[in-house]
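In numbering that gives the first Met the number 0, the protein residues as written are 0 to 147. We put the CB at the ideal spot given by N, CA and C, even for glycine. The structure appears right after this line, and notes come after that.
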Amino acid sequence: MATSLEIHVPPTFTPARPALTYSHTAIPSNIDDHPLAKTLPKAASIQRGSNEFRDFECRRDAPATLEDYLTNDTPILSLDITSFNDATIIGLIWPHVLMDVMGQQALLRGWSLVLAGKESEVPALLGAREDALLFPDENQEVYRPKRL
(Lines of atoms letter the chains of each structure in order from A and count residues from 1; the text may use other names and numbers.)
(Lines give C-alpha, C1' and ligand atoms only; values in the text may rest on other atoms or scores of the structure.)
Protein backbone atom coordinates (compact mmCIF):
# COMPACT_ATOMS: atom_id res chain seq x y z
CA MET A 1 0.00 0.00 0.00
CA ALA A 2 1.20 3.53 -0.73
CA THR A 3 2.56 5.70 2.05
CA SER A 4 0.52 8.76 1.13
CA LEU A 5 -3.11 9.48 0.51
CA GLU A 6 -4.63 11.54 -2.29
CA ILE A 7 -8.20 12.70 -2.58
CA HIS A 8 -9.36 13.00 -6.19
CA VAL A 9 -12.23 15.39 -6.83
CA PRO A 10 -13.90 15.24 -10.23
CA PRO A 11 -13.87 18.57 -12.11
CA THR A 12 -17.68 18.38 -12.26
CA PHE A 13 -20.06 16.33 -10.17
CA THR A 14 -22.50 14.27 -12.23
CA PRO A 15 -25.04 11.54 -11.48
CA ALA A 16 -22.30 9.03 -12.36
CA ARG A 17 -19.75 10.81 -10.08
CA PRO A 18 -21.78 12.52 -7.34
CA ALA A 19 -20.38 14.72 -4.57
CA LEU A 20 -21.81 12.36 -1.97
CA THR A 21 -23.67 9.10 -1.75
CA TYR A 22 -27.28 9.33 -0.67
CA SER A 23 -29.79 6.76 0.43
CA HIS A 24 -33.27 6.99 1.88
CA THR A 25 -35.12 4.13 3.52
CA ALA A 26 -38.77 4.60 4.47
CA ILE A 27 -40.04 2.24 7.16
CA PRO A 28 -43.85 2.31 7.41
CA SER A 29 -44.06 2.08 11.20
CA ASN A 30 -43.43 4.17 14.27
CA ILE A 31 -39.88 4.16 15.58
CA ASP A 32 -40.89 2.45 18.86
CA ASP A 33 -42.47 -0.41 16.89
CA HIS A 34 -39.23 -1.25 15.05
CA PRO A 35 -37.22 -4.03 16.78
CA LEU A 36 -33.84 -2.26 16.51
CA ALA A 37 -34.85 1.40 16.37
CA LYS A 38 -36.80 1.16 19.62
CA THR A 39 -33.49 0.37 21.38
CA LEU A 40 -31.85 3.63 20.25
CA PRO A 41 -30.80 5.79 23.22
CA LYS A 42 -33.45 8.23 24.40
CA ALA A 43 -31.11 10.44 26.45
CA ALA A 44 -27.41 11.10 26.81
CA SER A 45 -25.66 8.38 28.78
CA ILE A 46 -23.09 5.64 28.32
CA GLN A 47 -24.24 3.59 25.33
CA ARG A 48 -23.32 0.37 23.61
CA GLY A 49 -21.08 0.64 20.57
CA SER A 50 -22.52 2.17 17.44
CA ASN A 51 -21.94 -0.96 15.31
CA GLU A 52 -25.22 -2.25 16.68
CA PHE A 53 -27.00 0.65 14.95
CA ARG A 54 -24.93 0.62 11.73
CA ASP A 55 -28.08 0.01 9.66
CA PHE A 56 -29.18 3.53 10.60
CA GLU A 57 -25.75 5.13 10.15
CA CYS A 58 -25.10 4.20 6.56
CA ARG A 59 -26.09 2.04 3.64
CA ARG A 60 -25.08 -1.63 3.77
CA ASP A 61 -22.37 -1.29 1.09
CA ALA A 62 -20.78 1.81 2.68
CA PRO A 63 -16.99 1.82 3.01
CA ALA A 64 -15.96 0.58 6.45
CA THR A 65 -12.16 0.67 6.19
CA LEU A 66 -9.49 2.79 4.55
CA GLU A 67 -8.95 -0.05 2.09
CA ASP A 68 -12.61 0.24 1.02
CA TYR A 69 -12.06 3.90 0.12
CA LEU A 70 -8.80 3.14 -1.70
CA THR A 71 -10.21 0.35 -3.87
CA ASN A 72 -13.61 1.80 -4.74
CA ASP A 73 -14.43 4.97 -6.65
CA THR A 74 -16.97 6.20 -4.12
CA PRO A 75 -17.59 9.66 -2.66
CA ILE A 76 -16.09 10.10 0.80
CA LEU A 77 -19.19 11.84 2.17
CA SER A 78 -22.35 9.81 2.68
CA LEU A 79 -25.84 10.94 3.71
CA ASP A 80 -28.25 8.18 4.70
CA ILE A 81 -31.78 8.87 5.91
CA THR A 82 -34.16 6.43 7.58
CA SER A 83 -37.74 7.67 7.91
CA PHE A 84 -40.39 6.29 10.24
CA ASN A 85 -43.98 7.49 10.56
CA ASP A 86 -43.01 9.56 13.60
CA ALA A 87 -39.24 10.07 13.41
CA THR A 88 -36.30 10.47 11.05
CA ILE A 89 -32.74 9.28 11.60
CA ILE A 90 -29.97 11.02 9.66
CA GLY A 91 -26.64 9.27 9.20
CA LEU A 92 -23.77 11.38 7.95
CA ILE A 93 -20.41 9.61 7.59
CA TRP A 94 -16.99 10.54 6.28
CA PRO A 95 -13.37 9.64 6.96
CA HIS A 96 -11.32 12.06 9.05
CA VAL A 97 -9.25 13.01 5.98
CA LEU A 98 -12.30 14.94 4.75
CA MET A 99 -13.03 17.01 7.85
CA ASP A 100 -12.61 17.18 11.60
CA VAL A 101 -15.22 18.17 14.18
CA MET A 102 -14.86 21.86 13.27
CA GLY A 103 -15.52 20.98 9.65
CA GLN A 104 -18.54 18.96 10.76
CA GLN A 105 -19.81 21.97 12.68
CA ALA A 106 -19.42 24.18 9.60
CA LEU A 107 -21.18 21.61 7.40
CA LEU A 108 -24.12 21.23 9.78
CA ARG A 109 -24.39 24.99 10.32
CA GLY A 110 -24.43 25.60 6.56
CA TRP A 111 -26.94 22.81 5.97
CA SER A 112 -29.19 24.21 8.71
CA LEU A 113 -29.05 27.67 7.13
CA VAL A 114 -30.10 26.23 3.76
CA LEU A 115 -32.98 24.31 5.37
CA ALA A 116 -34.07 27.54 7.09
CA GLY A 117 -34.18 29.35 3.74
CA LYS A 118 -31.04 31.39 4.52
CA GLU A 119 -28.76 30.05 1.79
CA SER A 120 -27.25 33.50 1.25
CA GLU A 121 -25.84 33.35 4.81
CA VAL A 122 -23.83 30.17 4.17
CA PRO A 123 -20.13 31.11 4.35
CA ALA A 124 -18.00 30.53 1.26
CA LEU A 125 -16.08 27.26 1.26
CA LEU A 126 -12.33 27.69 1.35
CA GLY A 127 -10.31 25.56 -1.01
CA ALA A 128 -7.68 23.06 0.07
CA ARG A 129 -4.89 25.52 -0.73
CA GLU A 130 -6.34 28.46 1.23
CA ASP A 131 -5.33 29.25 4.79
CA ALA A 132 -8.40 29.23 7.04
CA LEU A 133 -6.59 31.41 9.59
CA LEU A 134 -6.56 34.28 7.09
CA PHE A 135 -10.36 34.20 6.85
CA PRO A 136 -11.88 34.48 10.35
CA ASP A 137 -15.55 33.62 10.80
CA GLU A 138 -17.45 36.88 11.24
CA ASN A 139 -20.15 35.04 13.20
CA GLN A 140 -17.75 34.00 15.96
CA GLU A 141 -17.38 36.15 19.04
CA VAL A 142 -13.93 37.72 19.29
CA TYR A 143 -11.88 36.13 22.06
CA ARG A 144 -10.73 38.68 24.62
CA PRO A 145 -8.54 37.30 27.42
CA LYS A 146 -9.72 38.22 30.88
CA ARG A 147 -7.33 39.50 33.50
CA LEU A 148 -7.00 37.42 36.61
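Item to check | Residue range of the alpha helix (DSSP H) that includes Gly126 | outcome: Walking along the sequence shown from the start, residue 126 turns up at place 127. Per DSSP, Gly126 belongs to no alpha helix (DSSP H) and is neither H nor E.
Checklist entry - If we ignore side chains and look at the alpha-carbon of each, how far apart do Thr88 and Leu133 end up? => result Along the sequence shown, one-based indexing puts residue 88 at 89. Along the sequence shown, one-based indexing puts residue 133 at 134. According to the sequence as given, residue 88 is Ile; it is not Thr. If you take the alpha carbons of Ile88 and Leu133, they lie about 36 Å apart.
Checklist entry - In the DSSP assignment, what residue or residues form a beta bridge with Gly90? => result Stepping through the sequence shown from its first residue, residue 90 is reached at position 91. Answer is Asp79.
Checklist entry - Closest to Glu162 by CA distance: which of Leu125, Gly109 and Leu124 is it? => result Since the first and last residues shown for the chain are 0 and 147, residue 162 lies out of range.
Checklist entry - Taking the C-alpha atoms as reference points, what is the distance between Glu129 and Arg53? => result Position 130 of the sequence shown, counted from the first residue, corresponds to residue 129. Position 54 of the sequence shown, counted from the first residue, corresponds to residue 53. Rounded to whole angstroms, the separation of the alpha carbons of Arg53 and Glu129 is 35 Å.
Item to check | Buried or exposed by the 16-neighbour rule on C-beta atoms within 10 Å, applied to Ala127 | outcome: Stepping through the sequence shown from its first residue, residue 127 is reached at position 128. That one is exposed.
Item to check | Ala25 in three-state terms, based on DSSP | outcome: As a working note, residue 25 is residue 26 in the sequence shown. DSSP, read as helix, strand or coil, puts Ala25 in strand.
Checklist entry - Hey, how far is the Cα of Ile30 from the Cα of Phe55? => result Indexing the sequence shown from 1 puts residue 30 at position 31. Indexing the sequence shown from 1 puts residue 55 at position 56. Taking the straight line from one Cα to the other gives about 12 Å.
Item to check | Per DSSP, the bridge partner or partners of Thr20 | outcome: Residue 20 sits at position 21 when you count from the first residue of the sequence shown. DSSP output for Thr20 lists Ser77 as bridge partner(s).
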